[in-house]
Amino acid sequence: MARPEDTVMVDDLEQNIAAAERAGLAGVLPTSAAATEKALKAVLGPRPSRKAERAPGS
């Protein structure tokens, strides 16, 4: 089961983001695609490289 601190809420309404944050979720209010991507990267951290995801020998 997901824990609130492991969950990100993306919503275009500030009051929904505020409610999510009060519940312990990370909140991202999208203002543009680039800003949303930057905010998600800040919350989630860098994405692993495709090479790191492949099993050895594949």
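Quick note on numbering: the sequence shown equals residues 0 to 57 in numbering that gives the first Met the number 0.
The beta-carbon is built from N, C-alpha and C at its ideal position, and this holds for glycine as well.
Whole-angstrom distance between A25 and A33, CA atom to CA atom: 18 Å
Reference L12; option with closest CA among L39, P47, G44 and T30: T30
DSSP-derived helix/strand/coil call for A17: helix
Between the CA atoms of E36 and L43 - distance to the nearest angstrom: 10 Å
Straight-line gap, V2 to D10 (C-alpha atoms, nearest Å): It should be pointed out that residue 2 corresponds to Arg in this sequence rather than to Val. One C-alpha to the other measures close to 19 Å.
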